[in-house]
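175 is the number that UniProt numbering gives to position 175 of the sequence shown; each next residue is one higher, with no gaps.
For each residue, glycine too, the CB sits at the ideal point set by N, CA and C.
Nothing here was measured: the structure is a model prediction, and the numbers come from that model.
Encoded as structure tokens, the structure appears first; notes follow it.
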Amino acid sequence: MYRTTQEHRAGAGSAHGKIILLGEHMVVYGMPAIAVPMPELRAHATAYGRAAAGSPAADAVLDAQRSRSHLVHVDPRSDGRSADSVEVAAHAFMRLVGYTERGVDLVLRCAIPPGRGLGASAACAVAAVRALAEHLECTLTPEILHRAVQHGEDMAHGTASGIDAVACMAAGPVWFESGWVQPLSGPARARIVVADTGITGSTKAAVTQVRTQLASEINQARTHLINAAALTRMAAEDLAAGRIAELGKHCTAFHAMLCEIGVSCGALDRLVAAAIEAGAAGAKLTGGGLGGCMIALAEDDEQAVTVRTALQQAGAVRTWTIPLGRR
């Protein structure tokens, strides 16, 4: 599936961030979720063969070190164990295609803030595997890409559902349920305002916390899972029909449930309240929680500007506006 390449050949790859519209945490237990790509936030990777000092590839790696880009060395002869999810994903890809020759340097530049629930680790892994495949002049199927990235996601977040890897490759909103993916449609005019609390969250810690709580309260866990699935299914119907007001209500209700299981925080709740007071159709945290980002639904660009201003005034350290529908 690959052939030996010249050491100076560089491979390039990129991927975008994402938000979870509904379904975070419950998706780990087989419940459905809806994700939306963030095309403006991207990760870029370049792959170089391990080269001698003074070569173009070696100079590029030195430039990356000077600019403080993230540099990962992947050795196909290692056991693949690493604390770096990108290295784990890249090594898994090498193993899947049977590559066993020299090591590869990966240079990553990521505009997606980490620890915010925006898919930074998955996007970096997708970009890295794409760059590696191009460098090796190797056929990259969607299945191999997803399997390799999922290895890295499992390392980064514990047992990952797989939704981040899917969303970081999607062209528009997607339905995800137990590994099954379906593209969704949405109104072109609607917008999602994303706001960062400035607090770094940990998806792994949040997932562990939720697992512990659900295991200790079995009856309540069943209720949460059933409610989460119902809210997500109704949201998909409203999204397809362009009913933004109803969709927003489901998002706000989902946030209330996430508060009950303890993954929200004061900063997230303040931003959610500010968005709704400013006229947003609905608002909720997105991703793992315990910090990170929240989202607010707006009917159109004009309302999105109003909501974005309110979120900035309420303490959001940065905001983004993304389309809800497919591009």
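Original post:
What's the gap between the Cα of H44 and the Cα of N219?
Top reply: 45 Å
Original post:
What residue ranges within the region 231-306 form continuous beta strand (DSSP E) runs of no fewer than 3 residues, ordered along the chain?
Top reply: 282-286 and 293-298
**OP:** Enumerate in chain order the residues of its own chain whose CB-to-CB distance from H135 is below 8 Å, with the five nearest sequence positions on each side excluded.
**Re:** T5, R9, A10, G11, A47, Y48, G49 and V104
Original post:
Which residues does DSSP pair with K18 in a beta bridge?
Top reply: P37
Original post:
By how many angstroms is the C-alpha of Y99 removed from the C-alpha of Q313?
Top reply: The alpha-carbon atoms of Q313 and Y99 are separated by roughly 52 Å.
Original post:
Whole-angstrom Cβ separation of V126 and L145, contact assumed at under 8 Å?
Top reply: 7 Å
Original post:
Is E217 buried or exposed, if buried means 16 or more other CB atoms sit within 10 Å of its CB?
Top reply: exposed
Original post:
When you compare each of P187, M169 and R189 to V181 by their alpha carbons, which one comes out closest?
Top reply: M169
**OP:** Report yes or no: do three or more beta-carbon pairs, one from the region 230-246 and one from the region 198-209, lie closer than 8 Å?
**Re:** The region 230-246 and the region 198-209 do not touch, with fewer than 3 CB-CB distances between them shorter than 8 Å.
Original post:
According to the Cβ coordinates, are R191 and T319 closer than 7 Å?
Top reply: Against a cut-off of 7 Å, the Cβ pair of T319 and R191 comes out as no contact.
Subject >> Minimum C-alpha distance to G287 - residue among C259, A274, A280 and A275 >> reply: C259
**OP:** Within the same chain, show all residues whose beta-carbon is closer than 7 Å to that of G279, passing over the 5 residues directly before and after it, in chain order.
**Re:** Excluding residues within five positions, the ones whose Cβ falls inside 7 Å are Q303, T306 and V307.
Original post:
A123 lies in the alpha helix (DSSP H); which residues open and close that run?
Top reply: A120 to H135
Subject >> Simplified DSSP state of residue 333, which is helix, strand or coil >> reply: Within the shown structure, residues of the chain are numbered from 1 to 327, placing residue 333 beyond reach of any answer.
**OP:** Just tell me which of V193, M234 and Q209 has its CA closest to the CA of I276.
**Re:** V193
**OP:** Counting only the same chain and skipping the five closest in sequence on each side, list residues whose C-beta sits under 8 Å from that of G172.
**Re:** V36, P37, P183, L184, S185, G186, G325, R326 and R327
**OP:** List in chain order: all unbroken beta strand (DSSP E) runs of 3+ residues lying wholly within the region 92-119.
**Re:** 104-110
**OP:** Can you tell me the Cβ-Cβ gap for V210 and H25, rounded? I've got them flagged as a contact below 8 Å.
**Re:** 5 Å
Original post:
DSSP on G54, reduced to helix/strand/coil?
Top reply: Reliability fails at G54, whose pLDDT of 48 lies under 50, so the model's placement of it is uncertain and the value that follows must be treated cautiously. Note: G54 maps to coil in three-state DSSP.
Original post:
At what residues does the alpha helix (DSSP H) containing R81 begin and finish?
Top reply: Neither: R81 is in no alpha helix (DSSP H) and is coded neither H nor E.
Original post:
So, are the CB atoms of A122 and A90 less than 7 Å apart?
Top reply: no
Original post:
In the DSSP assignment, what residue or residues form a beta bridge with G11?
Top reply: A47
**OP:** For I199, name the three-state secondary structure that DSSP assigns.
**Re:** coil
**OP:** Assign I19 to buried or exposed, taking buried as 16 or more other Cβ atoms, counted over all protein chains shown, within 10 Å of its Cβ.
**Re:** I19 comes out buried.
Subject >> Through-space distance from S14 to P323, alpha-carbon basis >> reply: 20 Å
**OP:** For the beta strand (DSSP E) containing residue 332, list its first residue and its last residue.
**Re:** It is not possible to answer for residue 332, since the shown part of the chain is limited to 1 through 327.
Original post:
Taking the Cβ atom as the reference point for each residue, do P32 and E246 lie within a distance shorter than 7 Å?
Top reply: no
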